[in-house]
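Trainee:
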Amino acid sequence: MNANYYVIVGDDYAKFSQQPNVFTVSELYKEMVDDKTWPGENASFIFGQGIGYTDREFIETSLKNRSVDKVYSFSPVATLADTHKHAEENVLITEPRRLGKLNYAFDLSLTDKIDRLSDHVTGQHVGAMLLMEAARQATIAVLEYEYCRNSSESFGLVLDRFDSRFDGYLFPLPASLNTVIKELKVSAKSITVVVTSTVIQCGVDIGSISLDVTLCNSRLLNKIESKKSQTAVKELCRRVDEALEQRLDIA
1 MNANYYVIVG DDYAKFSQQP NVFTVSELYK EMVDDKTWPG ENASFIFGQG IGYTDREFIE
61 TSLKNRSVDK VYSFSPVATL ADTHKHAEEN VLITEPRRLG KLNYAFDLSL TDKIDRLSDH
121 VTGQHVGAML LMEAARQATI AVLEYEYCRN SSESFGLVLD RFDSRFDGYL FPLPASLNTV
181 IKELKVSAKS ITVVVTSTVI QCGVDIGSIS LDVTLCNSRL LNKIESKKSQ TAVKELCRRV
241 DEALEQRLDI A
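Residue numbers (UniProt numbering): 1 to 251.
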């Protein structure tokens, strides 16, 4: 690697940082405290995965104060509305870039607030569950852009099928998703599509995740869901009663 390039990753990827010119956030802070003149002239920094928003901002400001003007960070993350999330730290993708008809690109944007999905991680690569969730968010976002934003109808999403393929490791470096919509059926009542997100890192296809999704009228979908939830509760009570009766018979 060029001696003037440095990569920063989150502390969860400490094992990955055990190579030249790669620092975890904590290692970077220590280096900056120990050497006030570091990194010197013509240095470039690339943000990898697993870095929290506060750390990103602080590191960028600190590097600029040291006359480092080449800092490759992240674009803004996709909106909560487009990803159907309540908290920004749970959004794993940046705002979509339209590449063509029914085709969008996203950058992967992982912070340090994702331990629930990555607590098995080895410290070197990004866990598959995170990629699957990122692809799910990308699917929701492209459907919002293509069908929901300009529609007078309110749609709900039904996931019919979820397929994944992985051909290699994804490391905590910059990565992108190329997301394509394939329309199967489009009508006034519902829209059925297959959305495939290909994960790309350093020009290499790491894998792909496909979701078969149906968009339905929200009011109709809410009625169906409510009815099914009530049926589930009734069935649970029936089974508990049946189990209790069997125990009483045995006694």
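Where a beta carbon is used, it is the ideal one built from N, C-alpha and C, also for glycine.
DSSP three-state call for Cys216: helix, strand or coil?
Mentor: Of the three classes helix, strand and coil, the one that applies to Cys216 here is strand, per DSSP.
Trainee: Any idea what DSSP makes of Leu63, helix, strand or coil?
Mentor: If DSSP states are grouped into helix, strand and coil, Leu63 belongs with the helices.
Trainee: Per DSSP, what are the beta-bridge partners of Arg165 in this structure?
Mentor: DSSP lists Ser208 as partners of Arg165.
Trainee: With DSSP run on the structure shown, which of helix, strand or coil describes Asn222?
Mentor: The answer is helix: DSSP assigns Asn222 an H, G or I state.
Trainee: Quick one: what's got a C-beta closer than 7 Å to Leu184's C-beta in the same chain, skipping five residues either side?
Mentor: These residues qualify, in order along the chain: Thr192, Val193 and Val194.
Trainee: Reducing DSSP to helix, strand and coil, say where Ala105 ends up.
Mentor: Correct three-state label for Ala105: strand.
Trainee: Using a Cβ distance threshold of 8 Å, determine whether the region 195-213 contacts the region 159-166, with at least three qualifying pairs required.
Mentor: Yes, the region 195-213 touches the region 159-166.
Trainee: So Leu177 packs on Ile93, CB below 8 Å; how close in whole Å?
Mentor: So it is a contact: roughly 7 Å between Cβ atoms.
Trainee: How far does the alpha helix (DSSP H) with Ile140 in it extend, from its first residue to its last?
Mentor: Ile140 -> alpha helix (DSSP H) spans Ala128 to Leu143.
Trainee: Considering only DSSP beta bridges, list what Phe155 is partnered with.
Mentor: Paired residues: Asn217.
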